[in-house]
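Novice: Okay, handing you the structure first.
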DNA sequence: GTCTATAAAGCGATAGAC
DNA sequence: GTCTATCGCTTTATAGAC
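Residue numbers (the working numbering), protein chains in the order written: chain V, 130 to 309; chain C, 130 to 309.
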């Protein structure tokens, strides 16, 4: 129950503004009860992030090309209902852009891997004749990832009538030649 | 010099992780010397944000339609060199998505106004026959704003070979019928 | 208008009992 | 494995001298 409470608190406040006391309260324990399992607050955050990444990785395993890109969309669509998860990554990815943040390395690597995979998805789709001609795979990948991050923010502020999934699907349909 | 130091510190750390002591150090003053002008840290943040918005508003004043949209692109392009400003808005817009953040109301209103203006830009462009047929103005506006926010994040993590300005210009050129 | 000094509270982390 | 108690530090904000 410690990780669940930590996830909830980090999602609400980000990392920097979360306290071990609040996490302990949510887990119905005391602070030393937690630090016995996770010695520092930073290590607790890392475990929360690792746990959440396993899902996405499993869902994309073995997919390629246009199918991989549709898989990314599925994940976004599924996460769209979970406000906490959205907020966790929205806030953390921003505050962790500062070099000395405990999760800086994690997010740096995450962005590199995601961009690499999505770029590969577009490149493979191109090879199979499923990508509209003249589309640069890496540019399209940067586009799609930016859409995901940017639209998440709009959702948190409850602004705009079109949903994240809807707009990302529109973009993808415009880049790919036929929707399966 | 107080506002300049506050801007610099907030940009580096976000709001929550910035201390009045660090701002005072940058301004070569003591903490009470600052609180005499700005009683609380939250009020200091608000002044910093207000000051920064004046620029953008002035630059867009009196523009409309496709010209307004190009103006938005100019602002993005100009800000792209300023890492501090980028980071200030990237971090703050994320951490202020929590309702009790001192800048929550500011960013809520900011997103509403920006979306409204950009939507109007696309709608006016459509009326003047400059928008590709079948493009929904609000969807295009959400797209452009999401691109701005999302690509800012990619830039902070130094990921992706295409720049924010380049990709946003590509998107806009694809939506508009002729580039002036 | 800026300072020194300090209040009052919260923080992460640890020691040691049970 | 979880607790109470506490250390040492940092935080925002204020009081009062100059």
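Think of the CB as a built atom: it goes at the ideal place given N, C-alpha and C, for glycine as much as any other residue. This one's a predicted model, so the numbers in the text were calculated from it and none came from an experiment.
For a quick check, are the C-beta atoms of residue 259 of chain V and residue 195 of chain V less than 8 Å apart?
Specialist: Closer than 8 Å, so yes.
Novice: For a test of the three-state rule: what should DSSP assign to residue 134 of chain C, helix, strand or coil?
Specialist: For residue 134 of chain C, the secondary structure class from DSSP, reduced to helix, strand or coil, is helix.
Novice: Give me the chain V residues within the contact set of residue 259 of chain C, using Cβ-Cβ distance strictly less than 8 Å, ordered along the chain.
Specialist: In chain order: nothing, as chain V lies at least about 19 Å away.
Novice: State the start and end residues of the unbroken alpha helix (DSSP H) segment that holds residue 233 of chain C.
Specialist: 233–256
Novice: Is there a Cβ from chain C that is less than 8 Å from the Cβ of residue 139 of chain V?
Specialist: no
Novice: Would you check if the distance between the CB atom of residue 165 of chain C and the CB atom of residue 188 of chain C is smaller than 8 Å?
Specialist: no
Novice: Going by alpha carbons, who is nearest to residue 281 of chain V out of C:271, C:286, C:288?
Specialist: C:271
Novice: So the candidates are C:215, C:210, C:201; which of them puts its Cα closest to the Cα of residue 139 of chain C?
Specialist: C:215
Novice: Ignoring anything shorter than 4 residues, give me the alpha helix (DSSP H) runs that lie fully in the segment 142–219 of chain V, in order along the chain.
Specialist: 149–155, 160–164, 170–189, 194–208
Novice: Report the CB separation of residue 219 of chain C from residue 147 of chain V in whole angstroms; it is logged as a contact under 8 Å.
Specialist: Between residue 147 of chain V and residue 219 of chain C the Cβ distance is about 20 Å, and since that is not below 8 Å, they are no contact.
Novice: Going along the chain, which residues of its own chain have a beta-carbon closer than 8 Å to the beta-carbon of residue 241 of chain C, five neighbours each way excluded?
Specialist: none
Novice: Taking DSSP as the reference, what is the three-state secondary structure of residue 308 of chain C?
Specialist: Below a pLDDT of 50, predicted positions are generally treated as unreliable, and residue 308 of chain C, at 48, falls in that range; the measurement from the model is reported next regardless. Note: residue 308 of chain C maps to coil in three-state DSSP.
Novice: Taking only beta-carbon atoms, is residue 198 of chain C less than 8 Å away from chain V?
Specialist: So, not an interface residue.
Novice: What I want to know is whether the C-beta of residue 153 of chain C ends up closer than 7 Å to one or more non-hydrogen atoms of the ligand NAP.
Specialist: For the ligand NAP, the structure offers nothing, since it holds no ligand at all.
Novice: If contacts are defined as beta-carbon pairs under 8 Å, then residue 175 of chain C and residue 235 of chain C qualify, I think. What distance do you get, rounded to the angstrom?
Specialist: 7 Å
Novice: Which same chain residues, not among the five before or five after residue 170 of chain V, have their C-beta less than 7 Å away from its C-beta?
Specialist: 149
Novice: Closer than 8 Å, CB to CB, is residue 308 of chain V near chain C or not?
Specialist: Confidence in residue 308 of chain V is poor, its pLDDT being 49 and thus under 50, which makes the residue's placement too unreliable to answer from.
Novice: Are residue 135 of chain C and residue 178 of chain C close, meaning C-beta to C-beta below 8 Å?
Specialist: No.
Novice: Exposed or buried, residue 276 of chain V, counting other C-beta atoms within 10 Å across all chains shown (16 or more means buried)?
Specialist: Counting Cβ neighbours within 10 Å, residue 276 of chain V comes out buried, since at least 16 surround it.
Novice: Would you tell me roughly how many angstroms separate the C-alpha atoms of residue 299 of chain C and residue 230 of chain C, rounded to the nearest one?
Specialist: 35 Å
Novice: With residue 288 of chain V and residue 244 of chain C assumed to form a contact (beta carbons below 8 Å), what rounded beta-carbon distance in angstroms separates them?
Specialist: 6 Å
Novice: What distance in whole Å lies between the Cβ atoms of residue 205 of chain C and residue 297 of chain C, which are believed to be in contact at a cut-off of 8 Å?
Specialist: 6 Å
Novice: Using a Cβ-Cβ cutoff of less than 7 Å, which residues in the same chain neighbour residue 200 of chain C once the five nearest sequence positions on both sides are dropped?
Specialist: 188, 189, 192
Novice: Does residue 269 of chain C pass the burial test, meaning 16 or more other C-beta atoms within 10 Å, or should it be called exposed?
Specialist: buried
Novice: Would the beta-carbon of residue 197 of chain V fall within 8 Å of that of residue 250 of chain V?
Specialist: yes
Novice: For residue 209 of chain C, which of C:130, C:252, C:301, C:285 has the nearest alpha-carbon?
Specialist: C:285
Novice: Any idea if residue 308 of chain C is buried or exposed, counting beta-carbon neighbours within 10 angstroms, 16 or more meaning buried?
Specialist: Residue placement at residue 308 of chain C cannot be trusted, given a pLDDT of 48 that sits under 50; the coordinates are not used to answer.
Novice: What residue range is occupied by the uninterrupted alpha helix (DSSP H) comprising residue 268 of chain V?
Specialist: 266–285
Novice: Among the candidates C:163, C:217, C:156, C:267, whose CA atom is the shortest distance from the CA of residue 145 of chain C?
Specialist: C:217
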